[in-house]
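J.: My questions all concern the structure below.
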Amino acid sequence: MFNAHDADGSGSIERDELRPLMASLGFELSEDELDGFLEEMKMHTGSDEMTFEGFTGLIGQQQSAQAIEVRKLWPLLDADGDGNLTFEEVTKALSQCGIAGDEEGMKAMLDSADKDGDGLISFEEFCAASSELVWKKALSMLSIKKKFVSKMLSIQDAREKWLEVQAEKEIAAQ
772 MFNAHDADGS GSIERDELRP LMASLGFELS EDELDGFLEE MKMHTGSDEM
822 TFEGFTGLIG QQQSAQAIEV RKLWPLLDAD GDGNLTFEEV TKALSQCGIA
872 GDEEGMKAML DSADKDGDGL ISFEEFCAAS SELVWKKALS MLSIKKKFVS
922 KMLSIQDARE KWLEVQAEKE IAAQ
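This is the structure we're talking about:
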């Protein structure tokens, strides 16, 4: 893959070769993201060009960060905690996030992730599928949902503490 995108055969990927390479890996980078990626590469390699070794190192870091984020979101999907996703679990979680599809489309999405054909999606299969656009959108929405729920719980906790303080003030005033 690296060599296929090294158009000039220099043994490194220059800026103009980087965007198509990243797109082939499922990363559609904006100009700002491309600049950030190049800055990170330069910090690691000291060069504006990416060698094969630099490429594999950076991609490994990206995949590790993605796996961490997927691991955080996994419990939102795996409702019964058995380590596998069923059709029902995925469709329920996605519909709660506003991602609705017809049954056939949802089944196709799950079938594409279910590499061993057992009708379930393991964490490993989910990680592998998470780079596909439809799964990226789903993960993004789940991440937003998780942050929203966390914020709502913080607000609820603050409200309960406020009510406790108010109750204590009323008792003290009597």
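In this note's numbering, the protein residues as written are 772 to 945.
Ideal Cβ positions, reconstructed from N, Cα and C, are used throughout, including at glycine.
The structure displayed is predicted, hence computed values, not measured ones.
1. When the Cα atoms are used, what is the spatial distance from Phe858 to Ile942?
2. Let's test the definition: count the other Cβ atoms within 10 Å of the Cβ of Leu881 and tell me whether it reaches 16, buried, or not, exposed.
3. What are the start and end residues of each continuous alpha helix (DSSP H) run of 4 or more residues lying completely inside the region 774-829, in chain order?
4. State the DSSP-derived secondary structure class of Leu847, mapped to helix, strand or coil.
5. How would you label Ala884, buried or exposed, when you count the other beta carbons within 10 angstroms and need 16 or more for buried?
6. When the Cα of Asp806 is compared with those of Ser781, Glu895, Arg786, Ser925, which residue comes out closest?
7. Less than 8 Å separating the beta-carbons of Ile784 and Met821?
8. With DSSP as the reference, identify every bridge partner of Ser893, one or two as the case may be.
9. By alpha-carbon positions, which one of Thr862, Leu856, Arg930, Glu875 ends up nearest to Asp889?
T.: Result, derived from the coordinates:
1. Your numbering for residue 858 matches position 87 in the sequence shown. Your numbering for residue 942 matches position 171 in the sequence shown. Whole-angstrom Cα-Cα distance: 53 Å.
2. Against the sequence shown, residue 881 aligns to sequence position 110. Leu881 is buried by the Cβ-count criterion.
3. 786-795, 802-816
4. Here the question's residue 847 lines up with position 76 in the sequence shown. It is helical.
5. Within the sequence shown, numbered from 1, the residue matching residue 884 stands at position 113. Classification for Ala884: buried.
6. Position 35 of the sequence shown, counted from the first residue, corresponds to residue 806. Selected option, being the one with the closest Cα: Arg786.
7. Position 13 of the sequence shown holds residue 784. Position 50 of the sequence shown holds residue 821. Yes; because the gap between Cβ atoms is below 8 Å, this pair is in contact.
8. Reading the sequence shown from its first residue, position 122 is the one you call residue 893. DSSP lists Asn855 as partners of Ser893.
9. In the sequence shown, counting from the first residue as 1, residue 889 sits at position 118. When only C-alpha atoms are compared, the closest one is Leu856.
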